[in-house]
Amino acid sequence: MSTTTVLVFLLLVIMSAIIAAARRRQRRGRTAQLPRARGGRVAQVLRGVLSNVPTRGTPRRHYDAVDMVLTPTEQQFATVLRDSLPAAYDIMVQVALQRVVTVRNPRRGQPWRDKRWNQISQKSLDFVVIRRADSKLMLAIELDDATHLQANRIARDELLDAIMHDAGLPLLHVPVQSHYDRLALQMRLLGYLPS
Amino acid sequence: MRLVLYGLVIILASTGFSLLCWGLWLRWHRTAPAGDDQPRHRDYLAHPTLLDPTAHQFAYLLRDILPAGYAVTAGMAGNRLVTVRNLRRHQVWRDARWNRIAHKSLDFVIIRSADTHPVLAISFANSPDAVLDPVLREVGLPLLYIAPQHMPGRDALRHQIVPLLARV
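Quick mapping for you: the protein sequence lines, in order, are chains W and G.
Residue numbering for the first sequence follows the numbering used here, beginning at 59 and increasing consecutively.
Residue numbering for the second sequence follows the numbering used here, beginning at 11 and increasing consecutively.
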């Protein structure tokens, strides 16, 4: 009888330890702190030597700011786009998709558990046209360069098209060109923008 | 007695195994990329405007005070402003550092018109963002917080922003 009691007690202790560890891990994930260097002092020194980063005084860097928000190809298109748009409209670049589209009936407090949320939370749109007077969303534009021919990008584009279609916001795909026909682009844009 | 002992060992082992499987499934579920299957009808809604009325008013003010050669853009995705060092190619979602910034966005970013170099980020919030604040500090991009309830006037905003632009 005593053995049984000890085993049951052990079982309870193990289960509570597992649950506590899972909750701790979950909490750590939610606080979203910057990653800390793992391992002891020797590991840190070795890592520093290998990555050619000074270990004393300066912490290890994980991020870099981009030099340019738009690639030269995108900049070229942005110039033509700005010239083609009527003065009442403005363009925003590299806009997070979640700023444009939202999920219907989202899970409150736990959006990351919603697959639909995960489908939009990490994507961005190259250009978004808004009405200057009230920031009304008019049109999204994707500039399709050579990377859009890759299999994973094709799947991503199809998903993005479906999401935008579902949300009811037009998405225009413009293939990258060395020279853009301003008039043709203007005519295409006017189809989406009320005069 | 021995039978009870065997029974308990089996229960213990199966519970442990189930918890292990559950943990592994949860881990996979969190790290797995969003599926490529198509959304159902009416899963998504478009926001009517990119900026709420207060942010729109602020954007108008910002555009007005910016010196020539700078432009303002709103709602920029965090992963378009910041890159991750030594990122796993093709498996970016497995990198916690990337996941931290990928679902974040900036309210306003001031860029240099000539080459779209980011100069200043502006967050329309009362308190610092626990993720963006240390990341932008690390990369050396100034992040300015503007409380929506206490929006500065034109001159005050100009005094706040112009010195930051001059630093670049």
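We treat Cβ as the ideally placed atom computed from N, Cα and C, and that holds for glycine.
DSSP places W:TYR121 outside any alpha helix (DSSP H); the residue lies instead in the beta strand (DSSP E), whose first and last residues are 121-123. For the options G:PRO158, G:HIS160, G:MET86, G:PRO152, the alpha carbon positioned closest to that of G:PRO173 is the one of G:PRO152. Burial state of G:HIS160 is exposed, judged by a 10 Å Cβ sphere holding fewer than 16 other Cβ atoms. DSSP places W:LYS181 in the coil class of the three-state scheme, outside both helix and strand. In the DSSP assignment, W:GLU200 is bridged to W:HIS231. Inter-residue distance for W:THR205 and W:ARG211 is about 7 Å (C-alpha atoms, whole angstroms).
Annotated three-state conformation of W:THR129 is coil, per DSSP. With a contact defined as Cβ atoms closer than 8 Å, W:LEU143 and W:VAL186 miss out at about 12 Å. Apart from sequence neighbours up to five positions away, the residues of its chain that approach G:ARG98 with a beta-carbon distance below 7 Å are ARG104, ASP105, ordered along the chain. Counting only Cβ-Cβ distances below 8 Å, W:GLY167 has no contacts in chain G at all, with the closest Cβ about 15 Å away.
A distance below 7 Å between beta-carbons, with the five flanking residues on each side excluded, links G:PRO158 to the following residues of its chain, in chain order: THR64, PHE134.
The Cβ atoms of G:ALA69 and G:PHE118 lie closer than 8 Å to each other. Nearest C-alpha to W:LEU251 among W:LEU207, W:ARG190, W:GLN208: W:ARG190.
For the pair W:MET196 and W:PRO228, the Cα-to-Cα distance works out to about 8 Å. Separation of G:TYR54 and W:ILE72 (C-alpha to C-alpha, rounded to the nearest whole angstrom) is 43 Å. Annotated as distal: G:ALA84 and W:MET245, with beta-carbon spacing of 8 Å or more.
Bounds of the alpha helix (DSSP H) holding G:VAL149 are 142-149.
Pairing G:ALA176 with G:ALA124, the inter-Cα distance amounts to about 16 Å. CA-CA distance, W:ASP172 to W:VAL159, rounds to 15 Å.
Chain-order list of chain G residues neighbouring W:GLY226: TYR54, LEU55, ALA56, by C-beta distance under 9 Å. Sequence-distant Cβ neighbours of G:THR59 in its own chain, meaning closer than 8 Å and more than five residues away, are HIS66. Sequence-distant Cβ neighbours of W:MET222 in its own chain, meaning closer than 8 Å and more than five residues away, are VAL159, ALA198, PRO228, LEU229. Separation of the CB atoms of G:VAL92 and W:ALA123 is rounded to 6 Å, and the pair is thereby assigned contact status at 8 Å. Assigned with DSSP and collapsed to three states, G:PHE118 falls in strand. For W:MET150, the enclosing beta strand (DSSP E) covers residues 147-154. Between W:LEU201 and W:ASP224 a beta carbon distance of about 22 Å is seen, past the 8 Å cut, so the two are scored as non-contacting. For G:LEU18, the neighbours in chain W by C-beta distance under 8 Å run, in chain order, THR62, LEU65, VAL66, LEU69. About 6 Å separates the Cβ atoms of W:THR131 and W:VAL234, confirming a contact at the 8 Å cut-off. In the structure shown, W:MET222 adopts helical secondary structure according to DSSP, grouped into three states. As the crow flies, the alpha-carbon of G:ILE156 is around 27 Å from that of W:GLN168. Bounds of any alpha helix (DSSP H) do not take in G:GLY85; it lies within the beta strand (DSSP E) bounded by 80-87. With respect to chain G, the C-beta atom of W:ALA78 has no partner C-beta closer than 8 Å.
G:ILE171 is a Cβ neighbour of G:ILE75, given a cutoff of 8 Å.
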